[in-house]
Amino acid sequence: MACLNRTGRHKAGLTGKNSDCTCTPELVKTMEEAGSSTLLGISPIPVVVIGNGPSAICLSYLLSGYRPYFKESSIHPNPILQRKLEQNLGISILEQDLEHLSEGLEGRSHNPVAVLFDSLLRPDADFGVSMESVLTWRREPNHYIPHLVLGKGPLGGVWHSIEGSMFTLSLGDWMELPDLPFRDWMRLKRRCLRNDRAMTSDIANYYQHYARAKGLQGHFVCGTVVTSVRRVSLDSGAENQVNVSTDNPAEAQALRPSTSASLFEVSGSSRSEDGSEKAFRILAEKVVLATGTYDSPAWLGVDGEDLPFVHHTTSELERTLEERETGLNSDPVLIVGGGLTAADAIIAAHHGNASVIHVFRRGVNDPGLIFNQLPKVMYPEYHKVHQMMTQQSCTTTGPYEGYLSLPQHRVLAFTPDRKCIIEDLTSAEKRMFNVSKAFILIGSNPNLTFLPDCGRPLAINTELPVNSKRNPLDVDCYTYECVQERGLYALGPLVGDHFIRFLQGGALAVARTLHKERQDAQFQIDGQLLIS
186 MACLNRTGRH KAGLTGKNSD CTCTPELVKT MEEAGSSTLL GISPIPVVVI
236 GNGPSAICLS YLLSGYRPYF KESSIHPNPI LQRKLEQNLG ISILEQDLEH
286 LSEGLEGRSH NPVAVLFDSL LRPDADFGVS MESVLTWRRE PNHYIPHLVL
336 GKGPLGGVWH SIEGSMFTLS LGDWMELPDL PFRDWMRLKR RCLRNDRAMT
386 SDIANYYQHY ARAKGLQGHF VCGTVVTSVR RVSLDSGAEN QVNVSTDNPA
436 EAQALRPSTS ASLFEVSGSS RSEDGSEKAF RILAEKVVLA TGTYDSPAWL
486 GVDGEDLPFV HHTTSELERT LEERETGLNS DPVLIVGGGL TAADAIIAAH
536 HGNASVIHVF RRGVNDPGLI FNQLPKVMYP EYHKVHQMMT QQSCTTTGPY
586 EGYLSLPQHR VLAFTPDRKC IIEDLTSAEK RMFNVSKAFI LIGSNPNLTF
636 LPDCGRPLAI NTELPVNSKR NPLDVDCYTY ECVQERGLYA LGPLVGDHFI
686 RFLQGGALAV ARTLHKERQD AQFQIDGQLL IS
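What follows is the structure, given as structure tokens:
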């Protein structure tokens with residue numbers, strides 16, 4: 186995970202002068218018109234993207250007419266892929282058969298197009314090799330597809346809600362977007378990487394700079410909350426009221442939706458510069474879900490979890506430490522979780538002189554524990570936490586004052602008098618601890634409340650809630666279109682791509698699909714014009 190699994194303090198959405206989210210006059214007009222009570226007089230937007238993080242930024246780049254080509258002078262380390270690329274010199278990757286190109290490739294994503302695009306951008310990255318991309322980029326305005334990107338917070342998504350002094354788990358180079366090297370940007374800013382890792386504040390600023398440098402910010406509307414996405418059918422009456430921008434009758438007929446066609450209605454509210462909110466409803470031909478999965482912290486589901494001293498984000502811990510509400514002589518804070526968010530909380534509590542009880546379900550030597558998968562040299566702070574978890578397992582005696590590690594334990598309940606009942610999973614022994622505050626940091630779930638049944642009908646297992654690890658959305662792996670809903674696409678963690686380097690492949694697949702559909706539609710128009 187590229188540090189995206191951490192939950193930090195969220196900041197308010199921005200649409201003012203200091204925001205990088207602006208709108209072209211045409212899009213502003215569309216948003217204003219969309220606030221009316223009827224949709225019938227409004228031209229549908231070809232593509233609406235929900236979410237404004239790296240997935241959405243990369244997709245906006247590809248929809249804005251930027252197209253990747255294989256550099257003729259490049260040599261890819263995979264000879265089979267090299268041969269395939271040489272067979273299509275001068276043809277954009279967006280016009281090639283992605284299934285054919287990705288066949289036989291292996292990588293750290295289950296999605297073949299994600300592995301393909303990563304291999305083209307960062308050849309042999311998993312082997313520690315730093316090679317130049319084999320792609321070159323051209324801007325071809327005739328391939329531009331109009332689109333609108335809606336986001337709750339600042340452009341860059343969740344990266345603005347993470348404590349800025351944290352370091353990314355992934356290498357800095359793996360956080361970059363196409364055709365703008367992160368290291369070059371860091372040098373311009375006179376910033377440095379530590380063990381090839383970057384601070385999260387640098388990543389957030391880089392994404393905003395990327396949108397400005399590529400001229401994308403006009404497509405982004407921040408401070409926007411989507412509350413509903415639903416299908417609306419076009420009957421014969423509505424059909425004639427949908428605007429079509431052409432003076433040619435034959436072309437207008439070809440472009441006009443048929444009576445059996447349907448569009449998406451996207452509803453919500455947007456925050457204006459003066460802080461007021463205004464409702465909007467817009468029509469879209471295609472909708473892309475790029476919301477990530479970090480809006481809704483996961484709960485244990487135990488008694489007392491809704492008590493006021495129990496929290497599910499680190500923001501309250503930061504406030505507690507800043508106001509010195511806890512110390513080594515007060516009741517400890519309870520931290521539940523065996524991942525990096527819990528580790529960050531332990532580091533913060535340790536530096537703030539707060540006593541900690543740390544509860545997690547795995548054993549300290551379990552290969553599935555993330556700390557056992559990280560190189561010690563690259564991640565010294567997490568190695569130190571793992572050392573604490575190991576050396577002070579079930580005891581407070583040791584070099585780390587005020588820390589108690591309880592591996593293979595689980596929380597059973599909380600009581601109103603600030604007690605926590607904890608069970609040993611190996612012996613079934615139960616113990617009760619006094620705690621000052623409790624922090625449940627066991628991951629997050631996507632917030633898809635704007636979809637019917639929170640998106641459950643779109644998941645691989647429709648009987649279970651959507652979960653990025655255990656039950657992602659069911660999409661075609663070469664188009665990223667939802668299997669159960671034509672015209673609806675999903676990117677990033679929603680389909681199991683958590684690494685920044687891999688979620689870009691989803692943007693490539695969606696962009697290729699949309700470009701191909703427009704080409705096919707244009708061929709149909711040209712054919713009808715010839716007939717007429």
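Each position in the sequence shown, counted from 1, maps to that position plus 185 in this note's numbering. Idealized CB from N, CA, C, for every residue including glycine. Since the structure is predicted, the reported quantities are computational estimates derived from the model, not experimental observations.
Counting C-beta pairs with one atom in each stretch, the stretch 625-632 and the stretch 571-591 have fewer than three that are closer than 8 Å, which means they do not touch.
Sequence-distant Cβ neighbours of Leu649 in its own chain, meaning closer than 6 Å and more than five residues away, are Asn656.
With a minimum length of 3 residues, the unbroken runs of beta strand (DSSP E) contained wholly in the stretch 578-633 fall at 588-592, 594-600, 604-609, 615-619, 622-625. His295 carries a coil assignment under DSSP once its states are collapsed to helix, strand and coil.
DSSP places Glu462 inside the beta strand (DSSP E), whose first and last residues are 462-474.
If you draw a straight line from the Cα of Ile607 to the Cα of His594, it is about 7 Å long.
DSSP places Pro657 outside both helix and strand once states are collapsed to three, so it counts as coil.
Around the beta carbon of Val668, a 10 Å sphere encloses fewer than 16 other beta carbons of the protein chains shown; the residue is thus reported as exposed. For Ala528, the enclosing alpha helix (DSSP H) begins and ends at 525-536. For Ile542, the secondary structure class from DSSP, reduced to helix, strand or coil, is strand. Taking the C-beta atoms as reference points, Phe405 is found no nearer than 9 Å to Ala613.
Comparing alpha-carbon positions, the option among Thr412, Gly522, Phe494, Ala530 lying closest to Glu503 turns out to be Ala530.
The alpha carbon of Tyr567 has as its nearest neighbour, out of Leu589, Pro584, Ile532, Asp551, the alpha carbon of Ile532. The straight-line gap separating the alpha-carbon atoms of Ser318 and Leu306 is approximately 4 Å.
With fewer than 16 other beta carbons inside 10 angstroms of its own, His295 counts as exposed. The beta-carbon distance between Ala694 and Val298, rounded to whole angstroms, is 4 Å. This is short enough to meet the 8 Å contact definition.
Here the C-alpha atom of Pro308 lies approximately 11 Å from the C-alpha atom of Leu290.
Taking a 10 Å sphere around the C-beta of Gln689, we find 16 or more other C-beta atoms and assign the residue as buried. A distance below 9 Å separates the beta carbons of Arg697 and Leu283. The stretch 658-678 and the stretch 457-468 do not touch, with fewer than 3 CB-CB distances between them shorter than 8 Å. Per DSSP, reduced to three states, the secondary structure at Pro308 is coil, with no helix or strand assignment. Take the alpha-carbon of Ala528 and the one of Ala706: they are about 52 Å apart.
Among the bridge pairs identified by DSSP, Ile685 is matched with none. Bounds of any alpha helix (DSSP H) do not take in Ile230; it lies within the beta strand (DSSP E) bounded by 230-235. Restricted to the stretch 266-295, the alpha helix (DSSP H) segments that are unbroken, complete and at least 4 residues in length are 283-287, listed in chain order.
With contacts defined as CB atoms closer than 9 Å, Ser481 and Glu450 fail to qualify as a contacting pair.
Taking a 10 Å sphere around the C-beta of Gly342, we find 16 or more other C-beta atoms and assign the residue as buried.
Comparing alpha carbon positions, the residue from Val541, His571, Arg456, Gly400 closest to Leu525 is His571. For Thr498, the three-state secondary structure derived from DSSP is coil. Counting along the chain, Tyr391 sits inside the alpha helix (DSSP H) bounded by residues 385-398. Rounded to the nearest angstrom, the gap between the Cα atoms of Phe312 and Leu320 is 20 Å. Excluding five sequence positions before and after Tyr329, the CB atoms of its chain that fall closer than 8 Å to its own CB belong to Leu248, Ser249, Gly250, given in chain order. The Cβ-Cβ distance between Val521 and Phe624 falls below 9 Å.
Within 10 angstroms of the beta-carbon of Lys269 lie 16 or more other beta-carbons, which makes it buried. By DSSP's assignment, Glu361 forms no beta bridge with any residue.
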